[in-house]
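Residue numbers (numbering that gives the first Met the number 0), protein chains in the order written: chain L, 0 to 156; chain R, 0 to 156; chain Z, 0 to 84; chain S, 0 to 84.
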Amino acid sequence: MTVRIQTEDFDLGQELISMRLSGNDRGNIGALVSFVGLVREFTDNSLNDGDSINTLTLEHYPEMTEKALTAIELEAKERWVIIDSLIIHRVGTLQPLDQIVLVAVTSAHRGEAFKACEFIMDYLKTSAPFWKKEATSQGERWVEAKLSDDVAKERWK
Amino acid sequence: MTVRIQTEDFDLGQELISMRLSGNDRGNIGALVSFVGLVREFTDNSLNDGDSINTLTLEHYPEMTEKALTAIELEAKERWVIIDSLIIHRVGTLQPLDQIVLVAVTSAHRGEAFKACEFIMDYLKTSAPFWKKEATSQGERWVEAKLSDDVAKERWK
Amino acid sequence: MNINILYFARIKESVNYSSENIDLPKDVVTVTALKNYLALRGENWANLFNGKQVVRAAINHALVDDMATISAGDEVAFFPPVTGG
Amino acid sequence: MNINILYFARIKESVNYSSENIDLPKDVVTVTALKNYLALRGENWANLFNGKQVVRAAINHALVDDMATISAGDEVAFFPPVTGG
């Protein structure tokens, strides 16, 4: 179980190879599920749909972030039989097409890896202290939380 | 939408970068979900649990395989709003820790990408013409289909 | 009518060849009828096609159930439940 | 009692600073009471903390609801609903 908060980009291929091949349990891994969140080129919300995005800046609460993400990983490990999990979340100022977040989960069987990975993302979206601000052609704007993310989280209760 | 059947290994990082960055719709991609299936070191079934695996050989029905996988991708595209999908499945003789299959899906939002990726895997497991034969310390043995895979497919009906 | 039959995996090994071209009797027009017809070839075949084992079928590269109709020139494939992925 | 308060994102910009150390009156012992107390500081603060906006709170780096109790030395953080990932 690993959590990393960083400004720099990550090498997705290297991170996934390392999930596959490092660790004493590597011979038991039958499934590797990963999610990457990316910066889109256009805003996507009811107020100003379709403005083009120049930058996306992520603020966070440093003393709390890693603790919150570790708690989510531990909860996933309680609920499903997984071998390992990795969360990398970037902060600072990003451009369209940039990688924002990686969640990767290994397990013996695919069902558990899919569920744990999606669970981690749904909880990260609603309980990890990150805030996005978009700089668009129309100015700067804090991204609004989405009701659909609360709904997604409720499924797991 | 791409399907590839091949004996050689694939570069997971390169494949995912190409999903992210190629294609006219790349600016709309907010989510990239991928699944990699891997050869484990030990058998995992009721008959001879825990025999160590020397090789895993995948046979397929060449004229049917690509058609079956393309049909699964098309069905996923009917059911969810996704941007692109990729299936790579290896055939021939593999070793423990080798990559067997990659399914990757891009979409604007994570929910659709997770569902489409898991759907494709569940259908691939139960309707694409591949058969696995394990060579273990105890001899060769065709891998038995799992009831749990049929159950996983039933969820999507 | 004349059709091609393909066998895969465990079934291919059991019947000991991978494909054949045969002329079917007139009354063999469904997958079930074809399985019953093949089962008459001997013990090996009977064990496979007497219904006690799950044998899946495809016609012209599409999965079908046993009630599917076979036409002249079809490629019919028999194989065990798939185990890819 | 003495506590530290941190503000993040939209709320930080609105109150125009990111942290403060304050002595609370004796009756301010829950998150709700602290919000009401801060709301008295002026229009800016009232708009944020009068309950019409969703303002989440954490105590010592754990998310809490508004009934949570504050203790001396706590780090209390206020922020909008999170939008990471």
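Just so it is clear, CB atoms sit at the ideal spot from N, CA and C, and this is done for glycine as well.
- Residues of chain R with a Cβ closer than 7 Å to the Cβ of residue 110 of chain L are, in chain order, 151.
- Below the 9 Å Cβ cutoff, chain S contributes 8, 9, 12, 79 and 82 as neighbours of residue 141 of chain L, in chain order.
- Among the bridge pairs identified by DSSP, residue 61 of chain S is matched with S/58.
- The beta carbons of residue 38 of chain Z and residue 49 of chain Z sit about 5 Å from each other, so the pair counts as a contact at 8 Å.
- Straight across, the Cα-Cα distance linking residue 28 of chain Z with residue 69 of chain Z is about 5 Å.
- According to the DSSP secondary-structure assignment, residue 141 of chain L is paired through a beta bridge with L/132.
- DSSP places residue 13 of chain R in the uninterrupted alpha helix (DSSP H) bounded by 11 to 20.
- For the segment 116 to 134 of chain L, residues whose beta-carbon sits nearer than 9 Å to a beta-carbon of chain R comprise 116, 117, 120, 121 and 124.
- Across the segment 31 to 44 of chain S, no CB contact with chain L closer than 7 Å is found for any residue.
- By the 16-neighbour rule on beta-carbons within 10 angstroms, residue 80 of chain S is buried.
- For residue 56 of chain R, the pairing in a beta bridge is given by DSSP as R/92 and R/132.
- For the C-beta of residue 11 of chain R, not a single chain Z residue is nearer than 7 Å; the gap to the nearest is close to 16 Å.
- Residues 121 of the same chain have their beta carbon placed closer than 6 Å to that of residue 151 of chain L, with the five preceding and five following residues left out of the count.
- Taking a cut-off of 8 Å for Cβ pairs, the segment 57 to 66 of chain L and the segment 119 to 139 of chain R do not touch, as fewer than three such pairs fall below it.
- Assigned with DSSP and collapsed to three states, residue 76 of chain S falls in strand.
- The three-state secondary structure of residue 121 of chain R, taken from DSSP, is helix.
- Beta-bridge partners assigned by DSSP to residue 98 of chain L: L/37.
- Residue-level contact check: residue 23 of chain S does not touch chain L, since none of the beta carbons of chain L fall below 7 Å from its beta carbon.
- Take the alpha-carbon of residue 0 of chain S and the one of residue 23 of chain S: they are about 5 Å apart.
- Bounds of the alpha helix (DSSP H) holding residue 43 of chain S are 42 to 48.
- Residue 12 of chain L and residue 32 of chain L have their C-alpha atoms roughly 13 Å apart.
- Distances from the CA of residue 50 of chain L to each of L/22, L/136 and L/97 were compared; the closest alpha carbon is that of L/136.
- Looking only at R/143, R/140 and R/126, the smallest Cα-Cα distance to residue 153 of chain R is reached by R/126.
- Among the residues of the segment 17 to 34 of chain R, those with a Cβ less than 8 Å away from any Cβ of chain L are 19, 20, 25, 26, 27, 28, 29, 30, 31, 32, 33 and 34, in the order of the chain.
- Here residue 65 of chain L has 2 and 4 as same chain residues with Cβ atoms under 7 Å from its own Cβ, once five neighbours each way along the sequence are excluded.
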